[in-house]
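*Asks:*
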Amino acid sequence: MKAGLLRLLAVVVWAALLLGGALSYAGSKERPDPTDRLRAGIREDVADQARASKMLASVDEIEAAIGELNSLIAQERASLAALLRDPGSSRAAVDASLAEFNTARESLARRVLASHAALKAETTAAEWKKLRKLEMEMITFAAAKSIGQAPAGKEN
Amino acid sequence: MLAALLTAYLIFSGGNGFAAKMFGKDTQTLVRQVVSEQARADAAVRTLKQGQKDFEAGAKQFEEIAKAFSRADEAQAAGLDALTPFMQRATEQRRILQQKSLDRMFELRRTLTQEEWRKVFESLK
Chain C
694 MKAGLLRLLA VVVWAALLLG GALSYAGSKE RPDPTDRLRA GIREDVADQA
744 RASKMLASVD EIEAAIGELN SLIAQERASL AALLRDPGSS RAAVDASLAE
794 FNTARESLAR RVLASHAALK AETTAAEWKK LRKLEMEMIT FAAAKSIGQA
844 PAGKEN
Chain V
5 MLAALLTAYL IFSGGNGFAA KMFGKDTQTL VRQVVSEQAR ADAAVRTLKQ
55 GQKDFEAGAK QFEEIAKAFS RADEAQAAGL DALTPFMQRA TEQRRILQQK
105 SLDRMFELRR TLTQEEWRKV FESLK
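Chains as they are written, first to last, in this note's numbering: chain C, 694 to 849; chain V, 5 to 129.
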C-alpha cells in the first residue's frame with residue numbers, strides 16, 4: 694500500500710508537472726465515495742459506539758477542512774494568475790499575496806492533521822491497521838481530485 | 005502520508021501550479037517559438053531549465069518527507085506531537101520551493117518583452 698501511494702504521489706506530481714492538468718477528473722459513480730467507505734469501515738470495525746461517533750466526527754472535520762482547502766486553492770489560483778499576468782506587478786505584491794494564502798492554508802492543514810490525530814487516538818492498534826488504509830484512500834482521492842487527476846484504480 | 009499528500013496537492017495545485025506548468029518542457033518549446041532573438045531565447049530557456057531542476061529537487065525532498073511521515077504514521081501510538089514535525093518540514097519545504105519558483109518566474113519575466121510574457125503566461129492556463 695505504501696509503495697502504491699508513493700507511486701500515486703509521483704504520478705500526481707509528474708502529471709501536474711508534465712501534463713498541466715490535461716487529464717480531467719472522472720470519478721466513478723459505481724463505487725461509493727472514499728469518505729463514505731471510511732465511515733462504513735468505522736461503523737463496521739468499531740463496536741464501541743462512543744468511540745465510533747468520535748471517529749466519525751473527525752472524518753466530518755477532515756472532509757470539511759479539505760473542502761475549505763479546495764476553495765482557498767481556487768481563490769489563490771485566481772489571485773496569483775491576475776498578479777503574475779500583469780507585467781507591472783511587483784515581487785513584493787506577489788509575496789504579500791502568497792503569505793496571506795500560506796497562512797490560511799497552513800491553518801487548514803493543521804486542522805486536518807489534528808483531526809487525523811484525533812481519529813487515530815480513538816482507535817486500537819488493530820482498528821488503526823484497517824482504517825488507516827481507508828483514510829489514506831480518502832485523502833489520496835481528495836488530493837488527486839483537487840488537482841484534476843482521476844485516482845482510478847486506487848479507490849479499491 | 006496524509007499530511008504529505010495534503011501538502012503535496014497544496015504545493016502542486018496552488019500557487020506552484022503555475023510553476024509546475026511553467027517549468028515543463030512545453031514552455032521551453034513555446035519560448036523558442038515566441039522569442040525570435042536567439043540570445044534572449046537561450047537565456048529564457050536556461051531560466052526554465054533551472055526552474056525545472058529546482059522543482060524536481062523540491063519534489064524529491066518532499067518525497068523523502070512523505071516517506072518518513074508514512075513510516076511514523078503506521079504506528080497507532082504516533083499522535084499529533086509525533087506527526088506535527090513532518091508537516092512543519094513539509095510546510096518549510098513548500099515555502100522554499102515557492103520562493104525559488106517565484107525567483108525563476110521573475111527572472112523569466114525580466115528576460116521577455118511584455119508581449120512575449122503575455123503569450124507564455126496565457127499558455128499556462
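No residue lacks a Cβ here, since even glycine has one placed at the ideal position from N, Cα and C.
Expressed to the nearest angstrom, what Euclidean distance is found between the alpha-carbon atoms of Gly-714 of chain C and Ala-24 of chain V?
*Replies:* For the purposes of this step, residue 714 of chain C is taken as residue 21 along the first sequence, with counting starting at 1. For the purposes of this step, residue 24 of chain V is taken as residue 20 along the second sequence, with counting starting at 1. Legend: pLDDT at Gly-714 of chain C = 28, less than 50; position of this residue unreliable, no value from coordinates given.
*Asks:* Using a Cβ-Cβ cut-off of 6 Å (strictly less than) and excluding sequence neighbours within five positions of Ala-47 of chain V, which residues of its own chain qualify?
*Replies:* Position 43 of the second sequence holds residue 47 of chain V. Once the five neighbours on either side are set aside, the close Cβ partners of Ala-47 of chain V are Thr-115.
*Asks:* Tell me whether Pro-780 of chain C sits in a helix, a strand or coil according to DSSP, three-state version.
*Replies:* For the purposes of this step, residue 780 of chain C is identified with residue 87 of the first sequence, where counting begins at 1. It is coil, neither helix nor strand.
*Asks:* Where do the N-terminal and C-terminal ends of the alpha helix (DSSP H) with Glu-41 of chain V fall, by residue?
*Replies:* Within the second sequence, numbered from 1, the residue matching residue 41 of chain V stands at position 37. First-last for Glu-41 of chain V: undefined, no H or E at that position.
*Asks:* Check the Cβ of Gln-102 of chain V against every Cβ in chain C and list those closer than 7 Å, keeping chain order.
*Replies:* In the second sequence, residue 102 of chain V corresponds to position 98, counting from 1. Simply Leu-791.
*Asks:* Under 8 Å between beta-carbons, which chain V residues line up against Arg-784 of chain C? List them in chain order, please.
*Replies:* For this step, residue 784 of chain C is matched to residue 91 along the first sequence. Ordered by position in chain V, the residues that pass the 8 Å Cβ test against Arg-784 of chain C are Leu-106, Phe-110.
*Asks:* If I'm right that Lys-747 of chain C touches Glu-828 of chain C with Cβ under 8 Å, what's the distance once you round it to whole angstroms?
*Replies:* What you label residue 747 of chain C is simply residue 54 of the first sequence in a count that begins at 1. What you label residue 828 of chain C is simply residue 135 of the first sequence in a count that begins at 1. Incorrect: roughly 14 Å between the Cβ atoms, too far for contact.
*Asks:* Leaving out five residues on either side along the sequence, give the residues of the same chain with a beta carbon under 6 Å from the beta carbon of Ala-792 of chain C.
*Replies:* Counting from 1 along the first sequence, the entry for residue 792 of chain C is found at position 99. Cβ neighbours of Ala-792 of chain C beyond the five flanking positions: none.
*Asks:* Pull up the distance between the alpha-carbon of Glu-754 of chain C and that of Ser-808 of chain C, whole angstroms please.
*Replies:* Translated into the one-based positions of the first sequence, residue 754 of chain C becomes position 61. Translated into the one-based positions of the first sequence, residue 808 of chain C becomes position 115. About 7 Å.
*Asks:* Counting pairs of Cβ atoms below 8 Å between the segment 817-827 of chain C and the segment 73-81 of chain V, do you hit three or more?
*Replies:* Yes: at least three Cβ pairs fall under 8 Å.
*Asks:* Show which residues of chain C have a CB atom less than 9 Å away from the CB atom of Leu-34 of chain V.
*Replies:* Counting from one through the second sequence, the residue named residue 34 of chain V turns up at place 30. None at all; the shortest Cβ gap to chain C is about 12 Å.
*Asks:* Listing by chain order, which chain C residues have their CB less than 8 Å from the CB of Arg-99 of chain V?
*Replies:* Residue mapping note: residue 99 of chain V aligns to position 95 of the second sequence, counting from 1. Near Arg-99 of chain V (Cβ distances below 8 Å), the residues of chain C are Asn-795.
*Asks:* Going by DSSP, what residue range makes up the alpha helix (DSSP H) through Thr-95 of chain V?
*Replies:* The residue you call residue 95 of chain V lines up with position 91 of the second sequence. Run containing Thr-95 of chain V: 84-115, per the alpha helix (DSSP H) assignment.
*Asks:* For Ala-719 of chain C and Phe-834 of chain C, what's the separation of their Cα atoms in angstroms?
*Replies:* Here residue 719 of chain C refers to the residue found at position 26 when the first sequence is read from its first residue. Here residue 834 of chain C refers to the residue found at position 141 when the first sequence is read from its first residue. At Ala-719 of chain C the pLDDT is 34, less than 50, meaning the model places this residue with poor confidence; the figure from the coordinates comes in the next sentence. Cα to Cα, Ala-719 of chain C sits roughly 11 Å from Phe-834 of chain C.
*Asks:* Below 6 Å, is the gap between the Cβ of Thr-31 of chain V and the nearest heavy atom of the ligand SAH?
*Replies:* This structure lacks the ligand SAH; in fact it carries no ligand of any kind.
*Asks:* Note down, in chain order, all residues in the segment 41-56 of chain V with a beta-carbon under 9 Å from any beta-carbon belonging to chain C.
*Replies:* Those would be Gln-56, in chain order.
*Asks:* Cβ of Met-91 of chain V less than 7 Å from any chain C Cβ?
*Replies:* Counting from one through the second sequence, the residue named residue 91 of chain V turns up at place 87. Yes, Met-91 of chain V lies at the interface with chain C (some Cβ there is under 7 Å from its Cβ).
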